[in-house]
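S.K.:
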Amino acid sequence: MNVKISRISNGLIVATDPMMQLESAAVGVWVNAGARNETAPLNGISHMLEHMAFKGTKRRSARDIAEEMETVGGFLNAYTSREQTAFHARILKADMALALDILADILTEPTFEPAELERERQVVLQEIAQARDTPDDIIFDYLQTVSYPDQPMGWPILGEENTVSAFRRDDLFAYMGANYRAGGMALIASGAVEHEDMLRLAEEKFAGLKPGAPQEVLPAHYVGGETHVGGDFDQAHIAYAFPGVSNLDEDFFVAQVYVTALGGGMSSRLFQEAREKRGLCYAIYAFAHSSKDDGVVGVYTGTGEAEAAEIGAVVAGEMASLAETATVEEVARAKAQLKSGFLMGLEKPSSRAEMIAGHLFTYGRVLSVEEMSEKLEAVDAAAVRRFGAKVMATVDPSVATVGPAGKLERYGIFAGRFGLKPMVRAAE
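Counted from 1, the sequence shown has number 67 at position 62 by our numbering; the numbering is strictly sequential.
Here you go:
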């Protein structure tokens, strides 16, 4: 990667990542603001704004936006996370100016017409309903809420019916004015791009962005606990979470290796024990989610109502075992999985652009492939055991279930398997 980074006059970051063998480019604007920037009455407004940005500007109708992009064979989309919102396109290199003009238009001149807001409100309400009908999706919202109760980090990204139903046009303008500021935004292009051309177009198209940075967010505070949601589902969907690390923590890469060894593939401990040996479930995996100031590690599984009775003990047992006996071989295998996934992702310009955005907002620079590889390779079995012991010391794990989980062991029993300090073997 040969990333070039500049700022235009209002503070907007412009980053380019040339892949000159390509005929197309992935380009987008990443905003360093998301669901964490909301207040309780406005929960979900980041996501609503993402939808409404495509519903018309002073120069284009919603149909114009779609037709102009698709007339040249381009693709335009967006997404909202807890910490960022992204508006991105895939375009042929000859049509870059058009893509930037449309992106700038929807981010600087939206109209948020009342009739469009009412229509899109119904679309988002349907999206919320659809998510609740998808238990292996919505369970992570419930897990987030029980891990971070009564704080923005724990609120659902889509919002709730009562908040979404109350959004007004002025709310969208006020939120956008407070958080969509050039100093907290980045225009990133990967693929068939030239840095000087991007700078010129950015200065021309994005001059209307106000300088400054998004509003500060409340610090995240992990709490833990349990939540159980019923529903007419055949499987019990169960998710566990434990305190993890932030994006900037020195153990960030250790956490990634830990969850990969625990439940990141068919050779992982959880997959082998819960599925291959016991036949308790079809899907089971571990994960690590990090933010700018906090994070969690956890486990998800979908299992039968009867099998749910065993799953907590299996999860806790494999976590304890990994903390005590993580081997050089399985850690090497986990690192190989992570490295191959990372390197394969670099073959896609859209993945590269998203990675660049994450690095810029986290580190203020883009880590080289060599630096990331070195950080990953530096993780050894002793570090994984140490991290595992730290997770096992959790006093208040989070447990969320959706579906028939009446036979799941009581929270107190599961929590009692933690708060411990396993014996950690010395490095080989």
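C-beta: ideal position from N, C-alpha, C; glycine also. None of these values were measured; they are calculated from a predicted model.
With 16 other CB atoms within 10 Å as the buried threshold, where does L275 fall?
M.R.: It counts as buried.
S.K.: Please report the Cβ distance between S29 and I96, rounded to the nearest whole angstrom; I am assuming they are in contact, meaning their Cβ atoms lie under 8 Å.
M.R.: Right, the Cβ-Cβ distance comes to about 6 Å (below 8 Å), so this counts as a contact.
S.K.: Residues in its own chain within less than 6 Å of G16 by CB, not counting five upstream and five downstream?
M.R.: Answer for G16: A187, G188, P216, listed in chain order.
S.K.: Tell me the residue span of the alpha helix (DSSP H) that contains A260.
M.R.: Start and end: 257-268.
S.K.: Given this structure, state the Cα-to-Cα distance separating V400 from G424, to the nearest angstrom.
M.R.: For V400 and G424, the distance between alpha carbons rounds to 5 Å.
S.K.: Which residue's Cα is closest to the Cα of Y290: E310, D299, Q261, G300?
M.R.: Per the Cα distances, Q261.
S.K.: Check the C-beta distance from A246 over to S86 and give it rounded, since I have them as a contact under 8 Å.
M.R.: Incorrect: roughly 17 Å between the Cβ atoms, too far for contact.
S.K.: Which complete alpha helix (DSSP H) runs does the segment 188-263 hold, if anything under 4 residues is left out?
M.R.: DSSP runs (the alpha helix (DSSP H)) wholly in the segment 188-263: 200-210.
S.K.: Quick check: A136 and I144, are their CB atoms within less than 8 Å of each other?
M.R.: Result no, Cβ atoms of A136 and I144 do not sit closer than 8 Å.
S.K.: Can you tell which of S195, D146, R65, S14 has its C-alpha closest to the C-alpha of L112?
M.R.: Checking every option, the nearest Cα to that of L112 belongs to R65.
S.K.: Since R390 sits in a beta bridge, which residues does DSSP pair it with?
M.R.: According to DSSP, R390 bridges with nothing at all.
S.K.: Specify, as a first and last residue, the run of the alpha helix (DSSP H) that L285 falls within.
M.R.: Careful: L285 lies outside any alpha helix (DSSP H) and carries neither H nor E.
S.K.: So, for R126: in the same chain, excluding its five sequence neighbours on each side, which residues have a beta-carbon less than 8 Å away from its beta-carbon?
M.R.: Closer than 8 Å at the Cβ level, and outside the excluded window around R126, lie M53, V169, S170, F172.
S.K.: Ordered along the chain, which non-local residues of its own chain (more than five positions away) have a Cβ less than 8 Å from that of A432?
M.R.: Only weak support exists for where A432 lies, its pLDDT of 37 falling under 50; the coordinates are left without a value.
S.K.: Can you give me the Cβ contacts of R124 inside the same chain, cut-off strictly under 6 Å, excluding the 5 residues immediately before and after it?
M.R.: Nothing meets the Cβ criterion.
S.K.: How big is the Cα-Cα spacing for M397 and A325?
M.R.: Cα to Cα, the separation comes out at about 7 Å.
S.K.: Thinking C-alpha only, which one of E335, A279, G61 is nearest A318?
M.R.: Cα-wise, what sits closest to A318 is A279.
S.K.: Leaving aside the five residues before and after G230 along the sequence, list all residues of the same chain whose C-beta is less than 6 Å from its C-beta, in chain order.
M.R.: So the list reads V151, once near-sequence residues are dropped.
S.K.: Sort P157, M6, M158, Q131 by Cα distance to E166 and report the nearest one.
M.R.: Of P157, M6, M158, Q131, the residue nearest in Cα terms is Q131.
S.K.: Looking at the structure shown, is V400 part of a helix, part of a strand, or coil, going by DSSP?
M.R.: It is coil, neither helix nor strand.
S.K.: Whose C-alpha, out of A241, G236, H294, is nearest the C-alpha of F258?
M.R.: Among A241, G236, H294, the Cα nearest to that of F258 is on H294.
S.K.: List the residues that DSSP assigns as beta-bridge partners of S11.
M.R.: Bridge partners of S11: V19.
S.K.: Assign N306 to one of three DSSP states: helix, strand, or coil.
M.R.: Note on identity: in this sequence residue 306 is Thr, with Asn being the wrong assignment. Note: T306 maps to strand in three-state DSSP.
S.K.: Given E334, which residues of its chain have a CB within under 8 Å of its CB, disregarding the five upstream and five downstream residues?
M.R.: Counting only Cβ-Cβ distances below 8 Å, and skipping sequence neighbours, we find nothing.
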